[in-house]
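Each remark here refers to the structure printed beneath this line.
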Amino acid sequence: MKKLKGLIFGMAVALPLFFGIVRPVPADNGTERLANHMQVSPASQQLGTLKPGETKQGTFRVQNIGTNAFDFKIYAAPYSVSNENYDPTFDASSDYTKISNWFTFNTTTGHLDPNSETTIEYTVKVPQNAPGGGQYASIMVENASSENSSNTIREVTRIGMLIYSHIDGKINHCTKILENNLPFILFNPPISGTSRVENCGNTDEDVKYVLRVFPFFSKEEVYTNEENPTYRTTLPNTKRLSKETWEKSPGIGIFWVEQDITFGSAHNTSRKLVILCPIWLIVLLVLFILSVIFWLVSKKYENKKSNTKSAPRVESDF
Numbered sequence: 001m002k003k004l005k006g007l008i009f010g011m012a013v014a015l016p017l018f019f020g021i022v023r024p025v026p027a028d029n030g031t032e033r034l035a036n037h038m039q040v041s042p043a044s045q046q047l048g049t050l051k052p053g054e055t056k057q058g059t060f061r062v063q064n065i066g067t068n069a070f071d072f073k074i075y076a077a078p079y080s081v082s083n084e085n086y087d088p089t090f091d092a093s094s095d096y097t098k099i100s101n102w103f104t105f106n107t108t109t110g111h112l113d114p115n116s117e118t119t120i121e122y123t124v125k126v127p128q129n130a131p132g133g134g135q136y137a138s139i140m141v142e143n144a145s146s147e148n149s150s151n152t153i154r155e156v157t158r159i160g161m162l163i164y165s166h167i168d169g170k171i172n173h174c175t176k177i178l179e180n181n182l183p184f185i186l187f188n189p190p191i192s193g194t195s196r197v198e199n200c201g202n203t204d205e206d207v208k209y210v211l212r213v214f215p216f217f218s219k220e221e222v223y224t225n226e227e228n229p230t231y232r233t234t235l236p237n238t239k240r241l242s243k244e245t246w247e248k249s250p251g252i253g254i255f256w257v258e259q260d261i262t263f264g265s266a267h268n269t270s271r272k273l274v275i276l277c278p279i280w281l282i283v284l285l286v287l288f289i290l291s292v293i294f295w296l297v298s299k300k301y302e303n304k305k306s307n308t309k310s311a312p313r314v315e316s317d318f
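Sequential numbering of the sequence shown, starting at 1, is according to our numbering.
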């Protein structure tokens, strides 16, 4: 019994030590500016519904927030995604990226000194035979100073402003929720849910994600983003993999988790018990159970041995 008490005391001492291993890392608040750093504002524009034959005009800003001056050039490129993780690509053309050929600019080159900016005007001329549905492009701003460099290896820096638009005509809305998954056990925070959706229509659609977390023994929410849900845009004829996360979830606990997904006319809610248990705690529990089993077996063996020694000897008359 003394051995078991000693083991339990040792584990009680070890638990705070394990909790003390993880400490927050101070954030790097350095404000050092990059030498070559350009920025486009806004990061994206929604042109709304355009009619065939319509002309649309707009503006955006190119900013130099670095310490070096640079030359730049401007052009429009097709915007699409290459996989379900939605990695963007700007060199693949399709029926949904024809708008990249409809742009003209008041200038396609320029120069910016540090801490300066310029406003660029653009015009979109929609052809009369433009098909109905979504159209997507990116207005690219590329650092052209490196083109004049004598270095053998040339680094090209470019940034883009995403363009979303819809051409008036035949519109097909088609949305599917393929997966809505929650884990059963997690060894490390945070708590998160994953999902896959499919846009089978010909225009972009927004997916709405709401995550709710409840304690195991209570119906009171400890986390929800219901007042500020997450929205993600999906492009036509694509599937998108997403993850919704409770960033400040604790390191250990048992929770009921709900993930609610709304995608066009499709809706799905998943609810599951989620156990958040770090590996070191599992190891300690296993060691504790093995130690108890070993102690019980040893105790049984000692009792059996003691009973054997105390048993009376029977002598025979022969």
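Using N, Cα and C, we set each Cβ at its ideal position, and we do this for glycine too.
This structure is a prediction, so every number in the text was calculated from the model and none was measured.
A buried status is given to Glu205, since no fewer than 16 other beta-carbon atoms sit within 10 Å of its beta-carbon. When secondary structure is reduced to three states using DSSP, Asn64 falls in the strand class.
By the Cβ criterion, the region 125–133 is not in contact with the region 105–115, since fewer than three pairs of Cβ atoms, one from each stretch, lie closer than 8 Å. Under the DSSP definition of a beta bridge, Arg232 partners with Val207. Annotation: Arg232 to Arg240 spans about 9 Å, alpha carbon to alpha carbon. Your pair Pro215 and Leu276 does not check out as a contact, with CB atoms roughly 12 Å apart and the cut at 8 Å.
A direct Cα-to-Cα measurement between Ile167 and Pro127 gives close to 10 Å. Counted as a single uninterrupted DSSP element, the beta strand (DSSP E) harbouring Arg240 occupies residues 238–246. Listed as beta-bridge partners of Asp260 by DSSP are Val210, Thr269.
The beta carbon of Thr203 sits closer than 8 Å to those of Gly133, Gly134, His166, Ile171, Asn172, His173, Pro236, all from its chain and outside the five residues before and after it, given in chain order. In the DSSP annotation of this structure, Ala35 is not part of any beta strand (DSSP E), being labelled neither H nor E. Each of Ser138, Thr245, Gln45, Ile185 was checked against the Cα of Ser100, and the nearest Cα belongs to Ser138.
Judged by DSSP in its simplified three-state form, Ser218 adopts coil rather than helix or strand.
The beta-carbon distance between Val213 and Val257, rounded to whole angstroms, is 5 Å. This is short enough to meet the 8 Å contact definition. When secondary structure is reduced to three states using DSSP, Tyr301 falls in the helix class. Closest in C-alpha terms to Gln259, from the list Trp295, Val207, Thr104, comes Val207. Of the candidates Met38, Thr194, Ala144, Thr123, Thr123 places its Cα closest to the Cα of Gly58. Taking a contact as a CB-CB distance under 8 Å, the pair Arg33 and Glu117 does not count as one, their CB atoms being some 15 Å apart. For Leu182 against Val274, the beta-carbon gap comes to about 6 Å, under 8 Å, which counts as contact. Cβ neighbours of Gln39 within its own chain (closer than 6 Å, five residues either side excluded): Gln63, Ile65.
Closest in C-alpha terms to Tyr223, from the list Trp246, Tyr209, Pro229, Ser242, comes Trp246. According to the DSSP secondary-structure assignment, Phe70 is paired through a beta bridge with Leu112. Check the Cα spacing between Asn228 and each of Glu244, Tyr79, Lys272, Asn85: the tightest is with Glu244. Remark: C-beta atoms of Ile74 and Thr119 do not approach each other more closely than 8 Å. Ala76 is the residue among Ala76, Glu220, Asn225 whose C-alpha sits nearest the C-alpha of Trp102.
According to the DSSP assignment, Gln46 belongs to the beta strand (DSSP E) that extends over 44–50. In the displayed model, Ser291 falls within a helix according to three-state DSSP.
DSSP places Lys98 within a helical segment (H, G or I) once states are collapsed to three.
Separation of the CB atoms of Gly251 and Pro278 is rounded to 6 Å, and the pair is thereby assigned contact status at 8 Å. The Cβ-Cβ distance between Ile191 and Phe255 falls below 8 Å.
In the same chain as Gly53, and ignoring 5 residues on each side of it, the C-beta atoms closer than 7 Å to its own belong to Val126, Gln128, in chain order.
With respect to Thr194, Ser249 sits apart: the two C-beta atoms are not nearer than 8 Å.
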